[in-house]
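Here the structure comes first, spelled out in C-alpha cells, and everything after it is commentary.
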Amino acid sequence: PVVWALARDVSDHCPIILRYNDVDWGPRPFRFRNYWLENSKFKDMISKVWEEQNFTGWMGHILKERLKGLKEEIRKWNSEVYGVMDSRIQKLRHDIEVLDVRSEGTGITDEEVQ
Numbered sequence: 096p097v098v099w100a101l102a103r104d105v106s107d108h109c110p111i112i113l114r115y116n117d118v119d120w121g122p123r124p125f126r127f128r129n130y131w132l133e134n135s136k137f138k139d140m141i142s143k144v145w146e147e148q149n150f151t152g153w154m155g156h157i158l159k160e161r162l163k164g165l166k167e168e169i170r171k172w173n174s175e176v177y178g179v180m181d182s183r184i185q186k187l188r189h190d191i192e193v194l195d196v197r198s199e200g201t202g203i204t205d206e207e208v209q
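End of the sequence shown = 209 in our numbering, gap-free, step of one.
Set out below in C-alpha cells:
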C-alpha cells in the first residue's frame, strides 16, 4: 500500500489517499470549464456543431453520438482558444502548493502571498 498527502486546494485540510493497487480507470473524464461561458463564441460553436451532426438510429444512439461529437469539438476548440489555460492552472496550483508547504515550515512573507 502507498499513502499520499495531497495538496490543500481550497480547504485547510490535507486529503490523504491510500492506494492498495493500481487501477486503470480509463480515459480522463470530460470536464466542463465555467470560463468557456464567458467566451462570446462558445454558444455559437455549440449550436453549429450540434446542428451539423447527422446520425440515424434510435434516439438514445443519436443523442450519444451527438454528445460524443460535441465533446471532441469542444476539446479542439478549447485547445485552440485556451490552449495554455490548463497548464497555467496546473502551474498556479503548484505555486500555491509550494507556498503552502513553505508556510507550514519557515513561514512566508506578505510579498510572497501577493
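Using N, Cα and C, we set each Cβ at its ideal position, and we do this for glycine too.
Residue from E168, I169, F150 whose Cα sits closest to the Cα of E160: Selected option, being the one with the closest Cα: F150.
Boundaries (first-last residue) of the alpha helix (DSSP H) holding I191: 180–200
Unbroken alpha helix (DSSP H) run spanning I210, endpoints: Residue 210 is absent from the model: the chain starts at 96 and stops at 209.
Contact belief for F137 with W145 at Cβ below 8 Å, rounded distance in angstroms: About 12 Å; that fails the 8 Å criterion.
Spatial neighbours of L165 in its chain, beta-carbon cut-off 6 Å, leaving aside the 5 residues before and after: V144
Beta-carbon proximity list for M180, same chain, < 7 Å, skipping 5 on both sides: none
CB contact flag (V176, N129, <8 Å): no
Under 8 Å between C-beta atoms of D205 and A102: no
DSSP state of I169 mapped onto helix, strand, coil: Reduced to three states, the DSSP call for I169 is helix.
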